[in-house]
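K.L.:
For what it's worth, the numbering used here labels the leading residue of the sequence shown as 23, then goes sequentially. Each residue gets a CB set at the ideal place from its N, CA and C atoms; glycine is no exception. None of the values given here were measured: they were computed from a predicted structure.
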Amino acid sequence: MMLRLQRERMTSSLIPSQREYFHFFGLDQEKLKLAKPDAIVMHPGPMNRGVEIDSAVADDERSVVNEQVEMGVAVRMAVLQALVPHLRK
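1) What span of residues does the alpha helix (DSSP H) with alanine 80 cover, start to end?
2) Could you please give the first and the last residue of the uninterrupted alpha helix (DSSP H) stretch that includes histidine 108?
3) Can you check DSSP and say which residues form a bridge with alanine 71?
4) Quick one: what does DSSP say leucine 25 is sitting in, helix, strand or coil?
5) With a threshold of 8 Å, are at least 3 pairs of Cβ atoms found where one atom belongs to the region 65-84 and the other to the region 102-109?
6) Which residues mark the beginning and the end of the alpha helix (DSSP H) in which arginine 41 is found?
Structure, rendered in structure tokens:
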């Protein structure tokens, strides 16, 4: 499960560079090889390709990122639809 790095907050020198961050923490094919063969790749989106996750990994058959983002939108829409009638009272 990858997390989104907020690039707009990277100016505070907590992270020396995007390249260094990716080297140590970004998910690439070499790091993915260390996972179990049936492991899936998740990321809540939006992805910063080349910073948090390599494009080849994001688009790999083990990636469920698109489905995860799509289902996340559907869940948020359902919650809002359920709450709206209660907010009108």
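P.N.:
Based on what the coordinates show:
1) Where alanine 80 is concerned, the enclosing alpha helix (DSSP H) stretches over 77-80.
2) Taken as a continuous stretch (DSSP letters only), the alpha helix (DSSP H) holding histidine 108 covers 87-109.
3) According to the sequence displayed, residue 71 carries arginine and not alanine. When DSSP reads this structure, arginine 71 sits in a beta bridge with Ile75.
4) Secondary structure of leucine 25 (DSSP, three-state): coil.
5) Taking a cut-off of 8 Å on C-beta distances, the region 65-84 does not touch the region 102-109, as fewer than three cross pairs fall below it.
6) Boundaries of the alpha helix (DSSP H) around arginine 41: 40-47.
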